[in-house]
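A.B. asks: Encoded as structure tokens, here's the structure I'll be asking about.
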Amino acid sequence: MCDLKFNISETAWCPGCGDHNILESLKNALESLGKKPHEVLVVGGIGQAAKTPQYISANGFCGLHGRSLPPAVAAKIVNSNLTVVVDTGDGDSYGEGGNHFIHNIRRNVDITHFVHNNQIYGLTKGQVSPTTDIQVAGAIHEPLNPVLLAITMGAGFVARAFSGDKEHLTAIMIEAIKYKGYALVDILQPCVSFNKVNTHQWYSNRVYKIEETYDATNKLKAMEKAMEWGERIPIGILYKEVKKTFNDKIDFLKGNQVLVEKETDINKIKGYLKDFE
Amino acid sequence: MNYNILIGGAAGQGVETVSAIFERIIKRQGFEVFTIKDYMSRVRGGHNFLQIRFGIDKIYSHIDEIDGIIAMNVETIENHIDRLNSDGFIICDDEIDYTDTRILKLPLKQCAKDCGNIKAFGSVAIGSVLELFGISETGIEKVFGEFFNEEIAFQNIKAVESGRKLVSKKIDTSSNSEDNNILINGNEAVALGTLAAGCKFYSAYPMTPSTSIMNYLAAKMNDAEIVVEQAEDEIAAIIMAIGASYAGVRAMTGTSGGGFSLMVEGLGLSGMLEVPLVIAEVQRPGPTTGLPTRTEQSDLKFVISASQGEFPRMVIALRNPEDAFYQTVRAFNIADKYQIPVILLSDQFLADSTTTIKPFDFDRIMNENFISGYEYSEDKPYKRYEITESGISPRLIPGKNPGVTVLVDSDEHDETGHITESASVRKDMTLKRMRKLELLKNELQEPLFIGDEDCEILLLAWGSILGPITEAVEKLNKNKNKKYGTIVFGDIWPLPTKLLLEKAKKSKKLINVEQNATGQLASIVSEVTGILCHSSILKYDGRPMSSEYIYKELRRDK
Numbered sequence: 024m025c026d027l028k029f030n031i032s033e034t035a036w037c038p039g040c041g042d043h044n045i046l047e048s049l050k051n052a053l054e055s056l057g058k059k060p061h062e063v064l065v066v067g068g069i070g071q072a073a074k075t076p077q078y079i080s081a082n083g084f085c086g087l088h089g090r091s092l093p094p095a096v097a098a099k100i101v102n103s104n105l106t107v108v109v110d111t112g113d114g115d116s117y118g119e120g121g122n123h124f125i126h127n128i129r130r131n132v133d134i135t136h137f138v139h140n141n142q143i144y145g146l147t148k149g150q151v152s153p154t155t156d157i158q159v160a161g162a163i164h165e166p167l168n169p170v171l172l173a174i175t176m177g178a179g180f181v182a183r184a185f186s187g188d189k190e191h192l193t194a195i196m197i198e199a200i201k202y203k204g205y206a207l208v209d210i211l212q213p214c215v216s217f218n219k220v221n222t223h224q225w226y227s228n229r230v231y232k233i234e235e236t237y238d239a240t241n242k243l244k245a246m247e248k249a250m251e252w253g254e255r256i257p258i259g260i261l262y263k264e265v266k267k268t269f270n271d272k273i274d275f276l277k278g279n280q281v282l283v284e285k286e287t288d289i290n291k292i293k294g295y296l297k298d299f300e
Numbered sequence: 005m006n007y008n009i010l011i012g013g014a015a016g017q018g019v020e021t022v023s024a025i026f027e028r029i030i031k032r033q034g035f036e037v038f039t040i041k042d043y044m045s046r047v048r049g050g051h052n053f054l055q056i057r058f059g060i061d062k063i064y065s066h067i068d069e070i071d072g073i074i075a076m077n078v079e080t081i082e083n084h085i086d087r088l089n090s091d092g093f094i095i096c097d098d099e100i101d102y103t104d105t106r107i108l109k110l111p112l113k114q115c116a117k118d119c120g121n122i123k124a125f126g127s128v129a130i131g132s133v134l135e136l137f138g139i140s141e142t143g144i145e146k147v148f149g150e151f152f153n154e155e156i157a158f159q160n161i162k163a164v165e166s167g168r169k170l171v172s173k174k175i176d177t178s179s180n181s182e183d184n185n186i187l188i189n190g191n192e193a194v195a196l197g198t199l200a201a202g203c204k205f206y207s208a209y210p211m212t213p214s215t216s217i218m219n220y221l222a223a224k225m226n227d228a229e230i231v232v233e234q235a236e237d238e239i240a241a242i243i244m245a246i247g248a249s250y251a252g253v254r255a256m257t258g259t260s261g262g263g264f265s266l267m268v269e270g271l272g273l274s275g276m277l278e279v280p281l282v283i284a285e286v287q288r289p290g291p292t293t294g295l296p297t298r299t300e301q302s303d304l305k306f307v308i309s310a311s312q313g314e315f316p317r318m319v320i321a322l323r324n325p326e327d328a329f330y331q332t333v334r335a336f337n338i339a340d341k342y343q344i345p346v347i348l349l350s351d352q353f354l355a356d357s358t359t360t361i362k363p364f365d366f367d368r369i370m371n372e373n374f375i376s377g378y379e380y381s382e383d384k385p386y387k388r389y390e391i392t393e394s395g396i397s398p399r400l401i402p403g404k405n406p407g408v409t410v411l412v413d414s415d416e417h418d419e420t421g422h423i424t425e426s427a428s429v430r431k432d433m434t435l436k437r438m439r440k441l442e443l444l445k446n447e448l449q450e451p452l453f454i455g456d457e458d459c460e461i462l463l464l465a466w467g468s469i470l471g472p473i474t475e476a477v478e479k480l481n482k483n484k485n486k487k488y489g490t491i492v493f494g495d496i497w498p499l500p501t502k503l504l505l506e507k508a509k510k511s512k513k514l515i516n517v518e519q520n521a522t523g524q525l526a527s528i529v530s531e532v533t534g535i536l537c538h539s540s541i542l543k544y545d546g547r548p549m550s551s552e553y554i555y556k557e558l559r560r561d562k
């Protein structure tokens with residue numbers, strides 16, 4: 024018998040960390056989508072959140088800091104049968120990996136990007152992150168707004184969630200995984216050890232679910248919504264648009280074609296000698 | 005007998021197109037051809053030239069002495085007239101103001117205008133050169149048809165005809181043997197090898213002089229079904245290739261030294277994850293931007309030691325386009341078999357030089373991916389990093405085997421791929437990885453030996469110097485005052501030592517011949533074998549070493 028359930032193993036995370044809820048929500052989302060562990064690839068970079076692939080019984084790729092997107096998109100390009108999920112931190116995604124973040128929005132490979140955004144560096148013990156609010160931990164840089172950046176860059180699925188609301192988070196994750204194309208979910212979470220400002224209570228007091236009447240296909244409205252921060256922070260799907268994925272733009276990858284299953288026709292390659300006659 | 009023609013002008017004047025057409029016409033006549041390309045890092049202006057050497061016998065390299073110049077501007081004459089034979093010729097437009105007895109000032113531009121296309125003046129010059137050599141123009145329509153649309157091709161063919169009428173035959177050449185060759189440069193040979201190896205994913209960031217590998221592959225992308233992706237930077241390029249390889253296809257990246265510097269963390273990732281990877285590193289003079297369009301062999305010590313930590317890797321120096329093709333295919337097989345990164349080390353001289361060679365033998369190609377045949381069983385769970393005697397662990401394609409998942413981690417990991425800080429696991433895993441290096445040593449190909457078997461002077465060289473040094477050694481041995489031999493490394497890391505030790509013992513003097521300032525091969529040879537070179541011939545001005553240069557340096561060396 025093969026495993027049909029995703030097992031969660033013991034983690035090295037602090038008790039009370041938002042990571043635990045995110046991991047459980049990921050497992051629940053994958054199971055409710057009927058995925059089997061061997062069909063899923065979870066990719067992380069380096070950091071506390073980036074250890075997620077270690078703790079769930081799917082295929083896993085724990086690579087380098089800031090470099091979670093490049094291997095994830097490449098794996099999906101060559102094997103579209105895999106459900107590819109990047110699950111990693113804010114420093115990994117927006118700091119060291121900032122260049123890959125903006126360009127993979129443009130590339131639009133059908134992967135899902137879950138960012139554990141605790142607005143601080145955990146593993147290296149308390150330095151500022153690209154999303155740290157000004158004056159927290161001595162930050163003097165303006166924080167990066169990942170959801171606004173993603174919408175303006177042309178991402179087709181942009182959402183924000185909160186680790187403190189597992190049910191809502193799971194529902195958003197399901198929608199994000201189902202979306203055909205690059206999907207970003209920025210997940211707000213507390214860091215119980217190093218961020219004493221943006222605590223569980225801090226987020227709980229501020230987050231609110233986006234109204235059911237909200238039109239997620241209106242880009243300008245979405246940008247406005249994405250800029251709400253401070254006393255009230257919206258969670259939910261901010262923007263959604265149907266777009267052609269990377270694989271769908273390439274003749275030999277579109278539809279159900281899977282590159283890893285294709286054989287090279289050596290006689291065809293031999294024919295290229297004609298180019299040099 | 006062979007001839008050496010230089011075609012020069014400013015960037016944007018069509019020097020490259022005229023040269024490509026000329027070498028193609030000559031090649032189709034059955035001549036052997038060797039062309040080098042000397043260009044500047046700019047889009048317009050400056051001074052670019054190509055040297056096309058052709059003859060009946062195999063040509064291994066370029067030479068400095070020139071028999072004829074096609075000058076599109078006066079700078080071409082000024083820069084190269086010192087290298088022109090006393091009975092050589094210069095063809096230029098009659099508007100060019102320069103005086104020399106060897107100049108043939110011809111109405112190139114007027115003729116081109118009369119043919120309906122002023123830009124075709126290079127083709128007028130081609131016609132004149134063909135006439136000087138008395139070369140018939142069979143198949144010329146086909147050549148122009150391959151470069152231009154019907155109208156422009158017609159104008160250029162007319163231009164060649166009118167160029168012929170401007171001069172009369174001066175030099176007697178006979179070729180007209182049958183043309184069974186291909187005309188290819190080092191980068192194209194790497195690209196074709198990449199396709200022949202069944203590579204399905206090539207990600208790179210443009211960087212001279214490696215870019216033409218990507219360009220050729222991109223042109224074949226849909227037909228050959230290979231993903232060619234221009235990454236946002238070299239970091240993404242190498243790590244995307246690693247991701248694709250992890251997922252089960254053959255993958256590769258290519259760059260020059262500057263891009264490779266950015267790829268270093270990815271190189272270590274391939275080593276630690278044990279994900280097969282092929283990297284083409286086409287050298288140019290560094291450090292930093294250096295001389296972007298020129299040549300050097302100064303990244304050898306860098307690529308053999310790049311990255312923190314220790315892991316097995318292989319470095320193959322490419323020696324000529326034929327070698328480049330077969331070694332590229334072999335690199336993929338070795339990367340897959342040992343689950344390691346393999347670096348193909350080339351340089352601008354090899355990358356851009358075109359030469360005639362026999363068509364590649366595709367029957368020699370054997371591709372094997374070494375994917376494990378493991379099937380799920382509860383008694384024996386799959387372990388990606390299983391400790392084995394060989395050090396090679398079973399590799400599976402993620403998603404292919406129900407019930408089985410593949411976990412890889414850049415942290416030190418246990419057999420299942422999970423993070424560990426255990427001292428004993430760390431030791432076992434290090435040994436497991438390094439055992440592959442010992443095994444890899446059985447796979448090494450000894451360097452090529454050329455020259456007198458009883459040589460007293462042994463030259464040590466590597467990579468693309470093979471051509472020039474072969475010609476230099478042949479010439480030196482004709483003098484019969486000393487006996488010369490050379491060994492030229494292809495596989496260079498791990499360093500094969502059998503032939504080196506054998507030949508070094510018998511010779512009286514060892515001289516390393518390298519295109520760098522510090523003698524990097526000599527340094528590696530002494531580190532691995534304790535053998536010291538007595539003197540060096542080094543060149544580091546960015547221009548390729550010619551056979552004459554090596555010959556003269558050795559004649560000076562008493």
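Each protein sequence line maps, in turn, to chains Y and H. Number 300 marks the last residue of the first sequence (our numbering); no jumps. Number 562 marks the last residue of the second sequence (our numbering); no jumps. For every residue, glycine included, the Cβ atom is placed at its ideal position computed from N, Cα and C. If you're wondering where the values come from, they're calculated on a predicted model, not measured in any experiment.
Compare the C-beta of THR409 of chain H with all C-beta atoms of chain Y and state if any pair is closer than 8 Å.
C.D. replies: For THR409 of chain H, the answer is yes, since a Cβ of chain Y falls inside 8 Å of its Cβ.
A.B. asks: Would you mind reading off the limits of the beta strand (DSSP E) that contains ASN518 of chain H?
C.D. replies: Looking at the sequence provided, one finds Glu at residue 518 of chain H rather than Asn. Counting along the chain, the beta strand (DSSP E) containing GLU518 of chain H begins and ends at 513 to 518.
A.B. asks: So, are the CB atoms of ILE246 of chain H and VAL268 of chain H less than 8 Å apart?
C.D. replies: It is not a contact, given that the beta carbons lie outside the stated cut-off.
A.B. asks: LEU276 of chain Y to THR292 of chain H, Cα distance in whole Å?
C.D. replies: Each residue's Cα considered, the two are about 38 Å apart.
A.B. asks: Excluding the 5 residues preceding and the 5 following ARG547 of chain H in the sequence, name in chain order all residues of the same chain whose CB lies nearer than 8 Å to its CB.
C.D. replies: Result list for ARG547 of chain H: ASP42, ARG298, THR299, in chain order.
A.B. asks: Give the residues of chain A in contact with PHE364 of chain H, contact being defined as C-beta atoms less than 9 Å apart.
C.D. replies: Chain labels in this structure do not include chain A; the protein chains are Y and H.
A.B. asks: Give the straight-line distance between the Cα atoms of GLY395 of chain H and ASP71 of chain H, rounded to the nearest whole angstrom.
C.D. replies: Approximately 57 Å, taken between the alpha carbons.
A.B. asks: May I ask you to list the residues that DSSP assigns as paired with LYS41 of chain H?
C.D. replies: In DSSP, LYS41 of chain H forms a bridge with H:LEU54.
A.B. asks: Identify the residues that DSSP records as bridge partners of SER601 of chain H: which are they?
C.D. replies: Beyond the ends of chain H as shown, which are 5 and 562, falls residue 601 of chain H; an answer cannot be given.
A.B. asks: Measure the C-alpha to C-alpha separation of GLY143 of chain H and ILE186 of chain H and round it to an integer number of angstroms.
C.D. replies: Going from the Cα of GLY143 of chain H to the Cα of ILE186 of chain H covers about 16 Å.
A.B. asks: What does DSSP give as the partner residue(s) for GLY59 of chain H in the beta ladder?
C.D. replies: Answer is H:ASN6, H:GLU36.
A.B. asks: Any contact of the segment 157 to 168 of chain H with the segment 115 to 122 of chain H, i.e. 3+ C-beta pairs under 8 Å?
C.D. replies: The segment 157 to 168 of chain H vs the segment 115 to 122 of chain H: in contact.
A.B. asks: Name the chain Y residues whose beta carbon is nearer than 8 Å to that of LYS224 of chain H?
C.D. replies: Neighbours of LYS224 of chain H on chain Y, chain order: TYR295.
A.B. asks: Cβ of VAL159 of chain Y within 8 Å of Cβ of VAL108 of chain Y?
C.D. replies: No, the pair does not count as a contact, with Cβ atoms beyond the cut-off.
A.B. asks: Between PHE137 of chain Y and ASP110 of chain Y, how many whole angstroms is the CB-CB distance? I'm expecting something under 8 Å.
C.D. replies: Sure, about 5 Å apart at Cβ, within 8 Å.
A.B. asks: Could you tell me if LEU505 of chain H is buried or exposed, where buried requires 16 or more neighbouring beta carbons within 10 angstroms of its beta carbon?
C.D. replies: Its Cβ having fewer than 16 others within 10 Å, LEU505 of chain H is exposed.
A.B. asks: Mind checking who GLY290 of chain H pairs with in its DSSP beta bridge?
C.D. replies: Answer is none; GLY290 of chain H lacks a bridge partner.
A.B. asks: With H, G and I counted as helix, E and B as strand and the rest as coil, what does DSSP make of GLY285 of chain H?
C.D. replies: Note that residue 285 of chain H corresponds to Glu in the displayed sequence, not to Gly. Residue state, collapsed to three classes: strand.
A.B. asks: Please say whether MET438 of chain H and PRO316 of chain H have beta carbons closer to each other than 8 Å?
C.D. replies: Yes; because the gap between Cβ atoms is below 8 Å, this pair is in contact.
A.B. asks: Any contact of the segment 271 to 289 of chain Y with the segment 14 to 24 of chain H, i.e. 3+ C-beta pairs under 8 Å?
C.D. replies: Too few Cβ pairs lie closer than 8 Å, so no.
A.B. asks: Kindly provide the ranges of any beta strand (DSSP E) runs that are 3 or more residues long and lie completely inside the segment 286 to 342 of chain H, ordered along the chain.
C.D. replies: Those beta strand (DSSP E) runs which fall completely within the segment 286 to 342 of chain H and span 3+ residues are 318 to 321.
A.B. asks: Which residues in chain Y sit within 8 Å of ALA389 of chain H, going by Cβ to Cβ distance?
C.D. replies: Going by the sequence as given, residue 389 of chain H is Tyr instead of Ala. Those within 8 Å of TYR389 of chain H in chain Y number zero; the least Cβ separation is about 13 Å.
A.B. asks: Name, please, each residue of chain H whose Cβ falls closer than 7 Å to the Cβ of GLU287 of chain Y.
C.D. replies: A quick correction: the sequence has Thr, not Glu, at residue 287 of chain Y. Under the 7 Å cutoff, chain H gives GLY202.
A.B. asks: Quick one: residues in its chain with C-beta nearer than 8 Å to the C-beta of LEU400 of chain H, no 5 flanking neighbours on either side, listed in chain order?
C.D. replies: Result list for LEU400 of chain H: ILE375, SER376, TYR378, TYR386, ARG388, VAL408, VAL410, in chain order.
A.B. asks: Compute the Euclidean distance between the alpha carbons of TYR262 of chain Y and ILE128 of chain Y, then round it to the nearest angstrom.
C.D. replies: Distance between the alpha carbons of TYR262 of chain Y and ILE128 of chain Y is about 14 Å.
A.B. asks: With DSSP run on the structure shown, which of helix, strand or coil describes PHE84 of chain Y?
C.D. replies: PHE84 of chain Y: strand per DSSP, three-state reduction.
A.B. asks: Would you say LYS219 of chain Y reaches chain H, if we count a Cβ-Cβ gap shorter than 8 Å as a contact?
C.D. replies: Chain H contact via Cβ: absent.
A.B. asks: Measure the C-alpha to C-alpha separation of ALA200 of chain H and SER350 of chain H and round it to an integer number of angstroms.
C.D. replies: Near 19 Å, if we compare the C-alpha coordinates of SER350 of chain H and ALA200 of chain H.
A.B. asks: Would you mind telling me which residues of chain Y sit closer than 9 Å to ASN516 of chain H, beta carbon to beta carbon, in chain order?
C.D. replies: Those within 9 Å of ASN516 of chain H in chain Y number zero; the least Cβ separation is about 34 Å.
A.B. asks: So, for MET24 of chain Y: in the same chain, excluding its five sequence neighbours on each side, which residues have a beta-carbon less than 8 Å away from its beta-carbon?
C.D. replies: Summary for MET24 of chain Y: the model assigns pLDDT 41, below 50, so the residue's position carries little reliability; its value from the coordinates is reported in the next sentence. There are no such residues.
A.B. asks: Taking the beta carbon of ILE81 of chain H as the centre, do at least 16 other beta carbons fall within 10 Å, making it buried, or is it exposed?
C.D. replies: It counts as buried.
A.B. asks: What residue from Y:LYS297, Y:ILE292, Y:GLU300, Y:ALA249 has the CA that sits closest to ASP367 of chain H's CA?
C.D. replies: Closest by alpha carbon: Y:ILE292.
A.B. asks: Using the beta-carbon count (16 or more within 10 Å), is LYS74 of chain Y buried or exposed?
C.D. replies: Its Cβ being crowded by 16 or more others within 10 Å, LYS74 of chain Y is buried.
A.B. asks: With distances taken Cα to Cα, identify the nearest neighbour of ILE139 of chain H among H:ILE100, H:SER181, H:ASP101.
C.D. replies: Closest by alpha carbon: H:SER181.
A.B. asks: With a 10 Å radius around its C-beta and 16 neighbouring C-beta atoms as the bar for buried, classify GLN449 of chain H as buried or exposed.
C.D. replies: Its Cβ having fewer than 16 others within 10 Å, GLN449 of chain H is exposed.
A.B. asks: Please state whether DSSP places ASP118 of chain H in a helix, a strand or coil.
C.D. replies: Reduced to three states, the DSSP call for ASP118 of chain H is helix.
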